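Below is one structure, written out as structure tokens; comments come after it.
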Amino acid sequence: MDASQSPSTATEPRAYAGEKVELTSFGATPVKFDSRGLVPAVVQQAGTGEVLMVAWMNEESLGLTLTTGTTWFWSRGRQELWNKGATSGNIQHVKRVLVDCDADTLLVEVDSPGPACHTGHRSCFFRELAAGAGEAHAQDTTRR
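Counting the sequence shown from 1 gives a position; this note's numbering is that position plus 177.
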């Protein structure tokens, strides 16, 4: 163990590039959910790297995502699970799920054939913040 490793992390299993990690590899789960039982999930178009959206997952939605191959999230506003695209038809097909080095954020690579944003935009990140006249304003930077 070197000085940069704490005793608890020195004995944890490590995953290397391309290695699949089972949910039980790091104890109960490799994901560190916050005090509300949630973890942020960045959803990215496989192949292009385009960030489509950021949503929240709990343990149940993560499990559903891994077993069904489509994205499931926890709606903080509605306090319920939702299968992305189940209503609109814009289902996101999961290619792989990665966990970051701190195990507190997920990257979900998907094939998303339609818009990811409820506004009809391909990505939820379509407004650029720009400073102007002493205050920031948002400007639409994409077409639907």
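The beta carbon of each residue, even a glycine, is placed where N, CA and C say it ideally should be. Note that this is a predicted model, so its numbers are computed, not measured.
Under the three-state reduction of DSSP, L215 is assigned to coil, being neither helix nor strand.
Per DSSP, the beta-bridge partners of Q221 are V228 and E286. In the DSSP annotation of this structure, the continuous segment of the beta strand (DSSP E) that includes G309 starts and ends at R304 to G309.
Counting along the chain, the unbroken beta strand (DSSP E) around S252 starts and ends at W249 to S252. Taking a C-beta distance under 8 Å as the contact criterion, H270 and T247 qualify as a contact pair.
In its chain, beyond the 5 residues on either side, G214, L215 and W251 have a beta carbon closer than 6 Å to the beta carbon of N235. Within the same chain, A223, H270 and K272 come within 7 Å of D288 by CB-CB distance, once the 5 residues on both sides are set aside.
A check of alpha carbon separations from L258 across C301, G240, V228 and C278 identifies G240 as the nearest. As a beta-bridge residue in DSSP terms, D317 pairs with R304. Beta-bridge annotation (DSSP): L275 is paired with L284.
T242 counts as buried, since no fewer than 16 other beta carbons sit within 10 angstroms of its beta carbon. A buried status is given to H298, since no fewer than 16 other beta-carbon atoms sit within 10 Å of its beta-carbon.
Take the alpha-carbon of G266 and the one of L284: they are about 22 Å apart. Setting aside the 5 residues that flank it on each side, V231 is surrounded in the same chain by P217, A218, V219, V220 and C301, each with a C-beta closer than 8 Å to its C-beta; the list follows chain order.
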